[in-house]
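Colleague: Heads up, the sequence shown is in my numbering, so the first residue is 2 and it goes up one at a time.
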Amino acid sequence: MVENLMDKIVSLCKRRGFIFQGSEIYGGLANTWDYGPYGVELKNNLKKAWWKANVQERNDILGMDCAILMHPKVWEASGHVHNFFDLKSDCKNCKKRFKSADLKDPTKCPECSGQLTEARPFNLMFKTYQGPVEETGNEIHLRPETAQGMFVNFLNILDARHPKLPFGLAQIGKSFRNEITPGNFTFRTREFEQMEIEYFVNPQDADQALSEWIQSRFNWYLNLGIKSENLRKRQHGKDELAHYAHACMDIEYRFPFFATNHGESAENRGGGWAELEGVANRSDFDLKQHAQYSGKDLQYFDDLKKEKFYPYIIEPSGGVDRAVLAFLIDAYQEEKVKDDTRVVLKLNKELAPVKVAILPLLRNRPEIVELAKNISRDLKKSWMAVYDDTGSIGKLYRRQDEVGTLYCVTVDVQTLEDKQVTVRSRDTMLQERINIEGLKSYLIEKLT
Ligand code: ATP
């Protein structure tokens, strides 16, 4: 039943153009995914909502967009060269590779029962070469997190904007990790997008800031429509903390897939719960390390107290793709309507890829088609709107429900006479006749 839900979501994503298998016509490149027309709208809306809540609406956070390629010393200073490892074990029989933490029995292959090799460290950073000569001196890494770009710009930001503590930097961008066991659709991939905030605070305020950020980030998911029974917080145990972290709280979503996983996956605590976002107290580790490796003074000067110190950093770090997946799963509903089943994505109005669809009732009546196209052109200036005349009205409604379109506007024969259209709400399925002249204000009221 649960597996079924994921199958349905993956199939809807492909059928309707949310997410496709990467390089599909070549047989696909495992665990790569391409966002289609609706997927990219959903993803952009999610990023916009994050940026609005965390940058636009706050006085204390500044946005950034840093390079993916960084100086090799960054990854030495950050600890990624020495500490960014997962332990892996290979099956001597079927040659499959496993993350040691996921194994119930570290000696036996969970797929074929063959003998496993000893657990060996495997660095998760992607390596490539800068410039035309492929030699060790030109080795460079694709960033495994966006955070470091913000740490290494700490001084630039102090000089350019003179912010006072507490203040934060925010960034959305791609990260790359050579994961040993990617999978579960877009949940774990090797190329993914992160949305991260690095919030610099006086060390004595760190605990308070950490709890405020945990609550703020938790509420963000709820406010955008995640059902409260599917969201929880989970404190990291001492053994789980990253080398730089003093404390960390995960915000977890109840994904359908882990519940049916074989074995005792590390991700399977409580069955189905898995990390959406981590909120960590990174202490002063990062700034101290970059100060040491770069030789630059990265302390903050408090001009009231006339003292210099390294701020602590509170980091809410979430995955864009993982969040998109959680919102898709949470919004998916099947409803009985008479003898039929209506599939509807009840995405929140901020996230829904399309806000309004304009549908002519009769596509062989040029006056109706022309009027519908004119209305659509006008609405497109304000919202993501689509025009569709490729089926019967029942089919068109069903198609829009499946992608979560909030309102459908139908132009019919009557419209030519009374200049009114039928507006149907996705959630209530109720229909209202609205004057074309008043349509925009009607939608503004509904959508704002
Ligand atoms: P996990 O325990 O799932 O590997 P992590 O603790 O290593 O995640 P972080 O380093 O805290 O993850 O990264 C912050 C966020 O980035 C995660 O909460 C997740 O949403 C996202 N993320 C991390 N790795 C991946 C990945 N391989 N694919 C998709 N999203 C990812």
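From the three backbone atoms N, C-alpha and C, an ideal C-beta is built for every residue, glycine too.
1) So, with DSSP's three-state summary, where would you put Ala31?
2) Report buried or exposed for Val56, applying the criterion of at least 16 other Cβ atoms within 10 angstroms of its Cβ.
3) In terms of residue numbering, what span does the beta strand (DSSP E) encompassing Asn436 cover?
4) Starting from Glu368, trace the alpha helix (DSSP H) in both directions and tell me its first and last residue.
5) Specify, as a first and last residue, the run of the beta strand (DSSP E) that Lys234 falls within.
6) If you drop the 5 nearest sequence neighbours on each side, which residues of the same chain put their C-beta closer than 7 Å to that of Leu326?
7) From Thr449 to Glu146, what does the alpha carbon distance come to, in whole angstroms?
8) Since Pro312 and Phe201 are thought to touch, with beta carbons under 8 Å apart, how far apart are those beta carbons, to the nearest angstrom?
9) Rounding to the nearest angstrom, what Cα-Cα distance links Ala373 and Pro361 in this structure?
10) In chain order, what residues of the same chain have a beta carbon less than 7 Å from the beta carbon of Trp214, not counting five sequence neighbours either side?
11) Below 7 Å, is the gap between the Cβ of Gly273 and the nearest heavy atom of ligand 1?
12) I need the straight-line Cα distance from Leu232 to Asp206, nearest angstrom please.
13) Is any heavy atom in ligand 1 found nearer than 7 Å to the beta carbon of Phe328?
14) Do Ser79 and Lys89 have their C-beta atoms within less than 8 Å of each other?
15) If I follow the unbroken beta strand (DSSP E) through Trp384, where does it start and stop?
16) Excluding the 5 residues flanking Lys356 on each side, which residues of the same chain have their C-beta closer than 8 Å to its C-beta?
17) What are the residues that DSSP puts in a beta bridge with Ala281?
18) If you reduce the DSSP assignment to three classes, tell me which class Pro204 lands in.
19) Rounded to whole angstroms, what is the Cα-Cα separation between Leu440 and Gln131?
20) For Cys113 versus Asn94, is the C-beta distance shorter than 8 Å?
21) What residue range is occupied by the uninterrupted beta strand (DSSP E) comprising Asn124?
Modeller: Put simply:
1) It is coil, neither helix nor strand.
2) Looking at its Cβ environment, which holds 16 or more other Cβ atoms inside 10 Å, Val56 is buried.
3) Residues 432-436.
4) That run of the alpha helix (DSSP H) goes 367-381.
5) That run of the beta strand (DSSP E) goes 232-236.
6) Counting only Cβ-Cβ distances below 7 Å, and skipping sequence neighbours, we find Phe186, Thr187, Phe188.
7) Straight-line Cα distance between these residues: approximately 34 Å.
8) With a Cβ gap of about 4 Å, Pro312 and Phe201 count as contacting.
9) Those two C-alpha atoms are separated by around 6 Å.
10) Excluding positions up to five away in sequence, the list reads Tyr200, Val280, Ile315, Pro317.
11) Proximity of the beta carbon of Gly273 to ligand 1 is not indicated: no heavy atom of the ligand is located closer than 7 Å.
12) So the two alpha carbons sit approximately 27 Å from each other.
13) Checking the Cβ of Phe328 against ligand 1 gives no.
14) For Ser79 and Lys89, no; Cβs fall outside 8 Å.
15) Careful: Trp384 lies outside any beta strand (DSSP E) and carries neither H nor E.
16) Result list for Lys356: Lys350, Trp384, Met385, Ala386, Thr406, Leu407, Tyr408, Leu444, Leu448, in chain order.
17) DSSP lists Cys249, Glu316 as partners of Ala281.
18) Note: Pro204 maps to helix in three-state DSSP.
19) If you draw a straight line from the Cα of Leu440 to the Cα of Gln131, it is about 55 Å long.
20) Contact flag set, yes.
21) Segment 121-124, the beta strand (DSSP E) holding Asn124.
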